[in-house]
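Residue numbers (this note's numbering): 1 to 309. No residue lacks a Cβ here, since even glycine has one placed at the ideal position from N, Cα and C.
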Amino acid sequence: MLEVKSLTKRYGQFEAVTSVDFALEPGEIMGFIGSNGAGKTTTIKMLATLLEPTHGTALLNGRPLDGNDLEIRKQIGYMPDFFGLYEDIKVWEYLDMFATLYGVEVNDRPRVIDEVLELTDLGFKKQAFARSLSRGMQQRLCLARCLVHNPTMLLLDEPASGLDPRARAELKELIGELGRMGKIVIVSSHILPELADFSTVVGIIERGQMLAFGKVNDVVRSLTPAKKIQVKLLDRGAEASMFLHSKEHVSGTQFLNPNEFRFDFTGTLEDQHALLKAMIDAGFPIIEFMDEEADLEDLFMQVTKGALN
Ligand SMILES: Nc1ncnc2c1ncn2[C@@H]1O[C@H](COP(=O)(O)OP(=O)(O)OP(=O)(O)O)[C@@H](O)[C@H]1O
Ligand SMILES: [Mg+2]
């Protein structure tokens, strides 16, 4: 488990990261969202032991993330936002070099290299020169490099930037797989929707402060007091809307057509069930009754606006 407590980084007078707290269990994937300069890279570098915190601690399975502790460093896989590839070596040599540096047994290295190449879908480039890879492939190679020593925790700083939609989809798949393997994964991005489908938790950072942390749905719920429910009927739309407005927690109807509308709802899930049951008991011919997905991008803009102002 990763426990981050009051993690703070100051550059001179400027505080880039302010007392960040969170904890992650094995298998959890945290989407780490914030705009440019929010403090994502600074936080990730502290967790990668490449930057010394001004205050606070981070523990991985109870052990401090200390740069002088080689054993703890072996449990971390860090993919930086900008990475240099050594150009005049082949893909497999590059991975072999990192496996060697991380102390993977010589007899295990060929198997490990094949495994990470397969996981990152780069097997067909095993004998290619690193410089001959496209940008997306280089990114995958960098991720493969982070996996050779089978780390407990992966820190991926904007791994999706510069990837085409297919490569992004594949990367999401791969990150999900790392979670299922029981690793702790932190993935940063500017774009909340990009992370929302595979992250088990999200942390929203702005101006160095963690503004929200938790399960995606909980964060959305805590930030949007009302959710929207969409109702579709065979008939009696107007009557159904009036009926709903006589109930608690209901406001703001917006008709999409005479028998389809959405309304704002502030009740609990139990209240929502009771509402649906009341409509059915009253004989309304309902064919759809569903939560509308919150627009994550809107939400992100709303949350971060306050911090930026
Ligand atoms: N070495 C440094 N010296 C002084 N200030 C720094 C240093 N590194 C980062 N900062 C400042 O700390 C803040 C956070 O930067 P950081 O790189 O962590 O942001 P980020 O969230 O990763 O942004 P981006 O999305 O642009 O990558 C910024 O205001 C940045 O200017
Ligand atoms: Mg950054």
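Asked	Found
Going by the DSSP bridge assignment, what does residue 84 pair with across the sheet?	Its beta-bridge partners do not exist; DSSP assigns none.
Give a yes or no on contact between the stretch 124-144 and the stretch 157-167, applying the rule of three or more CB pairs nearer than 8 angstroms.	yes
State the CB to CB distance for the pair residue 109 and residue 99, rounded to an integer number of angstroms; the pair is presumed to be in contact (CB under 8 angstroms).	5 angstroms
DSSP beta-bridge partners for residue 286?	233
Name the DSSP beta bridge partners of residue 263, please?	229
Counting Cβ pairs, one atom from each stretch, are 3 or more of them under 8 angstroms apart for the stretch 39-57 and the stretch 225-242?	no
Would you say the beta carbon of residue 247 is closer than 7 angstroms to some non-hydrogen atom of ligand 2?	no
Keeping to the same chain, check which residues put their C-beta closer than 8 angstroms to that of residue 149; ignore five residues upstream and five downstream.	74, 77, 98, 99, 102, 103, 104
With respect to 7 angstroms, is the separation between the Cβ of residue 190 and the closest non-hydrogen atom of ligand 1 below this value?	yes
Can you tell me which residues form a DSSP beta bridge with residue 2?	24, 60
Are there three or more Cβ pairs, one per stretch, closer than 8 angstroms when the stretch 27-38 is compared with the stretch 4-15?	no
Kindly indicate which residue of 301, 189, 300 has the alpha-carbon position closest to the one of residue 39.	189
Suppose you measure from the CA of residue 127 to the CA of residue 106; what does that come to, to the nearest Å?	19 angstroms
Examine ligand 2 and report whether any of its heavy atoms sits within less than 7 angstroms of the Cβ of residue 40.	yes
Three or more C-beta pairs closer than 8 angstroms, one from the stretch 254-271 and one from the stretch 211-223: is that the case here?	no
Here's a check: name, in chain order, each residue in its chain whose Cβ is nearer than 7 angstroms to the Cβ of residue 125, leaving out the five neighbours to either side.	91, 133, 137
How long is the line joining the alpha carbons of residue 28 and residue 83, rounded to whole angstroms?	25 angstroms
Are residue 41 and residue 157 close, meaning C-beta to C-beta below 8 angstroms?	yes
Does the distance between the C-beta of residue 78 and the nearest non-hydrogen atom of ligand 1 fall short of 7 angstroms?	no
Just to check, is the beta-carbon of residue 21 closer than 7 angstroms to a non-hydrogen atom of ligand 2?	no
Residue 259 and residue 276: beta carbons closer than 8 angstroms?	no
Exposed or buried, residue 206, counting other C-beta atoms within 10 Å across all chains shown (16 or more means buried)?	buried
Tell me which residue opens and which closes the alpha helix (DSSP H) that residue 65 is part of.	No alpha helix (DSSP H) contains residue 65, which DSSP labels as neither H nor E.
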